[in-house]
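Structure record follows, encoded as structure tokens.
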Amino acid sequence: MAKFVLPDIGEGVVEGELIQWLVKEGDVVAVDQAVVEVMTDKATVEVPSPVAGKIKSLNAAEGDMIKVGQTLAEIEAGAGAAKVAATATPAATATPAASKETADSRSSETPKAEMPTSPTQAPAQSHFQSSAAPAYSGGASLSAHDIPAAPIVRAMAQKSGVDLSQVPGTGPKVGSQNRILEEDLLRFLNNGAGAVQAGAPSFAHSAPFSAQAAASAQPSSKSAPVKTVPDYFYRDLSAAPAPSERQPLRGLRRVIAQAMTKSKFTAPHYAYVDEFECSELVKIRTEAKKVGEQYGVKISYLPFIVKAVVGALKEFPVVNSSLEEGEKGADLVFKKEYNIGFAVATPDGLVVPVIKNADRKSLLQIGQEINDLSAKVRAGKATSEELKGSTFTITSMGNIGGLFATPIINYPEVGIMGVYKIQEKPIVEKGQIVIGQTMHISFSFDHRVVDGAVGGYFSNAIIARLQNPARLLMELV
Amino acid sequence: MSEKFDVVVIGAGPGGYVSAIRAAQMGYKTAIIEGHKMGGECLNYGCIPSKALISTGHIIDRIHEGEKYGLMFEKFRVDLPKLIDWKAGIVKSLTGGIAQLLKANKVTTFQGTGEFVGLEKDGSKKIKIVGSVDSYDASKTTGKDDSVLAEKVIIATGSFSAEFPHLKIDGKSLLGSKDALEVTKTPKKIVVIGGGVIGLELGSFFTKLGTQLDVVEFAPQILTGTDKECVDVVQKRLKKNGVGIHLESKVTKVESKSAGKTIVHVEDKTGKASQIECDWALLTVGRRPRTQNLKLEKVGVELNEKGFIKVNARLETNVPGIHAIGDVIGGAMLAHKASKEGLVCVEGFSNPQVTMDIKALPWAIFVDPEIAGVGHTEESAREAGWDPVIGKCPFAANGRALTTGESAGFVKLIADKKTDRILGAHMVGPEVSNLVQEVAMAIEMGATSEDIARTVHAHPTLPETIMEAAESVHGMAIHIFERKTPVKKASFELR
Chain C
67 MAKFVLPDIG EGVVEGELIQ WLVKEGDVVA VDQAVVEVMT DKATVEVPSP VAGKIKSLNA
127 AEGDMIKVGQ TLAEIEAGAG AAKVAATATP AATATPAASK ETADSRSSET PKAEMPTSPT
187 QAPAQSHFQS SAAPAYSGGA SLSAHDIPAA PIVRAMAQKS GVDLSQVPGT GPKVGSQNRI
247 LEEDLLRFLN NGAGAVQAGA PSFAHSAPFS AQAAASAQPS SKSAPVKTVP DYFYRDLSAA
307 PAPSERQPLR GLRRVIAQAM TKSKFTAPHY AYVDEFECSE LVKIRTEAKK VGEQYGVKIS
367 YLPFIVKAVV GALKEFPVVN SSLEEGEKGA DLVFKKEYNI GFAVATPDGL VVPVIKNADR
427 KSLLQIGQEI NDLSAKVRAG KATSEELKGS TFTITSMGNI GGLFATPIIN YPEVGIMGVY
487 KIQEKPIVEK GQIVIGQTMH ISFSFDHRVV DGAVGGYFSN AIIARLQNPA RLLMELV
Chain X
158 MSEKFDVVVI GAGPGGYVSA IRAAQMGYKT AIIEGHKMGG ECLNYGCIPS KALISTGHII
218 DRIHEGEKYG LMFEKFRVDL PKLIDWKAGI VKSLTGGIAQ LLKANKVTTF QGTGEFVGLE
278 KDGSKKIKIV GSVDSYDASK TTGKDDSVLA EKVIIATGSF SAEFPHLKID GKSLLGSKDA
338 LEVTKTPKKI VVIGGGVIGL ELGSFFTKLG TQLDVVEFAP QILTGTDKEC VDVVQKRLKK
398 NGVGIHLESK VTKVESKSAG KTIVHVEDKT GKASQIECDW ALLTVGRRPR TQNLKLEKVG
458 VELNEKGFIK VNARLETNVP GIHAIGDVIG GAMLAHKASK EGLVCVEGFS NPQVTMDIKA
518 LPWAIFVDPE IAGVGHTEES AREAGWDPVI GKCPFAANGR ALTTGESAGF VKLIADKKTD
578 RILGAHMVGP EVSNLVQEVA MAIEMGATSE DIARTVHAHP TLPETIMEAA ESVHGMAIHI
638 FERKTPVKKA SFELR
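Quick mapping for you: the protein sequence lines, in order, are chains C and X.
In this text, residue positions in the first sequence follow my numbering: the first is 67, and each later residue adds one.
In this text, residue positions in the second sequence follow my numbering: the first is 158, and each later residue adds one.
Written out as structure tokens, the structure is:
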């Protein structure tokens, strides 16, 4: 009796999900005949039988997680089949989710209706043979391996270079397979599991600096407010230093300490920083400020940033998610609410009040809430309800300064955004040095959930909105 | 200096004009070259004009059987020249419409035969437009000579009626399908050589005018490749109408005796020779790719062993930037296949991942009664790895079919036993050309036969037959008595 174990598939794979048995008990298999389909985090592989013989028992069920070396089945070697040398090593044949070649061709591809120029060097023959597309003689095909998905989903998958067999479907079942819906594919793409670049053609932000914007630059934070120097800078240095003072960690400080530790030790953080020109935003905010005054609302940049974040979260739902560990494994929970937290410094420590359902509120409304919540927080009067339920957090250091910081994620969220002061800077525009208004933004993301590319595109999506506030206006609902 | 275009389409048939309009919509600077008439074979000499005649044929049939419905005609006659004129009017308005659409989409049209001159240094293709040669009739002029440069070329030149060395179409004793559409004198007797789609569609039309028809087919079945059960229904009706069907027979000679008197020499599989006297014979023995005028050798585009242009699933030929679609690449010679390929080809210009990806290609044959199909037959499904089960419902069980006086035929649905997915449908009967699309949609969506069975179908309509066939997959049709044991529907097992 030969034990059929999950062989080492390579690439550091240690386990895989049993997708489908290709044989049943009692079947006679030949050497190298595909026996079972296993999906790893890298690819779906068909594992071949190392021996010829009769399947005595199947020791794992479809849907099980199988470790490398775990027994999948027992095969009675030679039974019912001609004796074949049972020395064949199990070499799994992999179907990579996205081969390197196609990934490369994607990244070099230009968006819609951009005419690729003809390769003049390439000889005619090689083009035909190297092309990934199979030969075609006209007609349709519907094989027993077909994955049920509507034409639009198939077209979208094709265009973004996604192999649909890698996408978990959630649609109505057909046999044992779920139909793959448009949202399944989008989720797959947004999770970074698929071809993010090809799937996100419009995410790159447009030309960075516009001459027009630079020319009309009107610095808002031109003169820094006169700061009074606090007393404690004038201690008498001749006196003997006082002994260290020990205080028990209590209240808000303790909560902050626990939250930060939990976040930093749970979510592998990475930082992402960018800078962009924001003259248009400065202009529109100057106007908005006047409007706000008519309603008695002080309008800062924050409402605009909140709206830009909401737009970007909608584009990248994964950034509005959280990773929840349960007894049966982890789940990615996609939030359908857009509750934006904003960090407020108080004498006792950092507090994050929450603008609930920011996607359904006007800029004016958000501005009002920011004012009200900030005042309540500073007065220590915010209710716990007002401090709960955020799905993404913004921290602003515009009134302090600094180049940028690497904020700590407000766990269990998966991303946080830091915004900094707008300042005049020389920028290069069409070979000329002109004065532009620039802002730094920085992000920390939970790399378990948000890959670097997604984080970058998310940042671009925010910049695209802040750099061109018309885009924000277009998204008003 | 030749004007340069992003996309140049050669041939303005249902593949070419659709490609050109889509290319223009995508923002490409587009030109189209047509060596004969806008609309190609389909609009001028195929689908459209033949359907105009065939639908009139149905009306004639109904008039002849009018007594059954209490309709008494005293002096009924067919004015064939007038009918042909009416058909020409339809063709004219459709082809004119295409010219308008091309113009409105800012596609530049060149009249003349397109031929390759060669590749320029920058990789663009130079194409000469020979206005002095009509691609259908070398003795005619269509436009003036010109030339263009193209970044991308789509070859959509289609196909033409095949001939045999010993059987050449002369338009008098031996007609091609194009000639048969222009006949203004009702023939007494005709012979159709080749019992395929075109031959039987046109041949059947003439029987409605009272013409005696004989069909000579080399294969053991008319409409080779079509579901045998469906063909049987049509064959039965042909025989009832007195049509002589000569299977496994070939025509050795078509002899022109005098105007309106032609002798067709037939030889059966045993070698026994016979003669059929007729007004004229119609040659419909398949179609060949139209590549002759293209001068493909100037750019090195490869053909396959049958003379079709070789392409991959992106519709790319072996030469970068030269694409081909439709009949000229082979496969099913259907207008809608050409159109679809054209759309995919253009979409592929801006995305290297786009390939042909269709699960089902529906088709229809306008014989009497109509036959239509989509997807797998029982046999091809089995070959593709499925475990097919059949659901069938006759139109005789459909109220609407009975009230329209046409209740022959049936709908046969093929589903997979394990998953219940719909794999195909084959149907013969009233309006099946219009019914097949429901199943095509179902296949593309990955629907199950239970999905169709559970979809409410309006009563009284012909599509109810499809719903009943879907129920019959599970042995649960209402309007036919099910002898087979009901197979549980997926949803029944949930309880």
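All residues carry an ideal CB built from backbone N, CA and C; glycine is no exception.
On a predicted model such as this, the values are computed, not experimentally measured, just so you know.
Residue of the options minimising C-alpha distance to residue i
i, options, result
"X/Gly-352", "X/Phe-506, X/Val-589, X/Ala-337, X/Gln-392", "X/Gln-392"
"X/Leu-518", "X/Leu-491, X/Lys-263, X/Ala-209", "X/Leu-491"
"X/His-215", "X/Arg-444, X/Thr-383, X/Ala-610, X/Thr-364", "X/Thr-364"
"X/Asn-262", "X/Lys-161, X/Trp-437, X/Ile-189", "X/Ile-189"
"X/Val-630", "X/Asp-573, X/Lys-194, X/Ala-597, X/His-583", "X/Asp-573"
"C/Glu-83", "C/Lys-69, C/Val-95, C/Val-111, C/Met-67", "C/Val-111"
"X/Asp-236", "X/Lys-342, X/Val-164, X/Ser-250", "X/Lys-342"
"C/Gly-468", "C/Asp-438, C/Asn-476, C/Gly-446, C/Ile-507", "C/Ile-507"
"X/Ala-313", "X/Val-175, X/Gly-417, X/Phe-267, X/Ile-402", "X/Val-175"
Residue i - partner residues in DSSP beta bridges
i, result
"C/Glu-490", "C/Gln-503"
"X/Gly-548", "X/Leu-570"
"C/Ala-337", "C/Ser-510"
"X/Thr-270", "X/Val-287"
"X/Arg-445", "X/Phe-317"
"X/Gly-356", "None, per the DSSP bridge assignment."
"C/Tyr-202", "X/Val-468"
Span separating the alpha-carbon of residue i from that of residue j
i, j, result
"X/Thr-381", "X/Ser-212", "24 angstroms"
"X/Gln-594", "X/Leu-559", "22 angstroms"
"X/Ile-355", "X/Ile-379", "11 angstroms"
"C/Val-372", "C/Met-463", "15 angstroms"
"C/Asn-244", "C/Pro-238", "6 angstroms"
"X/Leu-359", "X/Lys-208", "9 angstroms"
"C/Ala-424", "C/Phe-458", "11 angstroms"
"X/Gly-505", "X/Ile-311", "12 angstroms"
"C/Glu-91", "C/Val-102", "12 angstroms"
"X/Ser-564", "X/Val-589", "11 angstroms"
"C/Leu-208", "X/Lys-516", "5 angstroms"
"X/Lys-467", "X/Val-458", "8 angstroms"
"C/Val-339", "C/Ile-529", "12 angstroms"
"X/Val-568", "C/Arg-220", "29 angstroms"
"X/Cys-550", "X/Pro-587", "13 angstroms"
Exposure label - residue i; buried when at least 16 CB within 10 Å
i, result
"X/Phe-230", "exposed"
"X/Val-423", "buried"
"X/Trp-243", "exposed"
"X/Lys-494", "buried"
"X/Asp-100", "The question about residue 100 of chain X has no answer, for chain X in this structure spans 158 to 652."
"X/Ala-529", "buried"
"C/Thr-176", "The predicted position of C/Thr-176 is uncertain, since its pLDDT is 34 and thus under 50; a value taken from the coordinates is nonetheless stated next. Its Cβ having fewer than 16 others within 10 Å, C/Thr-176 is exposed."
"C/Asn-405", "buried"
"C/Ile-218", "exposed"
Beta-carbon neighbours of residue i, restricted to chain C and to distances below 7 angstroms
i, result
"X/Val-511", "Gln-224, Lys-225"
"X/Met-602", "Ala-216"
"X/Ala-517", "Ala-206, Leu-208"
"X/Asn-201", "In chain order: nothing, as chain C lies at least about 22 angstroms away."
Contacts of residue i in chain C (Cβ-Cβ under 9 angstroms)
i, result
"X/Gly-542", "Ser-209, Ala-210, His-211"
"X/Lys-249", "Correct list: empty, because the minimum Cβ distance to chain C is about 30 angstroms."
"X/His-533", "Leu-208"
Contact list for residue i against chain C, beta-carbon separation under 8 angstroms
i, result
"X/Ala-470", "Ala-199, Pro-200, Ala-201, Tyr-202"
"X/Lys-494", "Gly-204, Gly-205"
"X/Ile-486", "Tyr-202, Ser-203, Gly-204"
"X/Asn-450", "Within chain C, no residue comes near X/Asn-450; the closest Cβ sits about 21 angstroms away, beyond 8 angstroms."
Interface flag, residue i vs chain D, CB-CB below 7 angstroms
i, result
"X/Ala-489", "Absent from the structure is chain D; the protein chains it does hold are C and X."
Chain X residues whose Cβ lies nearer than 7 angstroms to that of residue i
i, result
"C/Arg-220", "Asp-514"
"C/Arg-245", "Gly-603"
Chain-ordered chain X contacts of residue i [CB-CB under 9 angstroms]
i, result
"C/Gly-241", "Asp-573, Lys-575, Thr-576, Asp-577, Arg-578, Thr-605, Ala-647"
"C/Arg-351", "Residues of chain X passing the Cβ test: none, with the nearest at roughly 36 angstroms."
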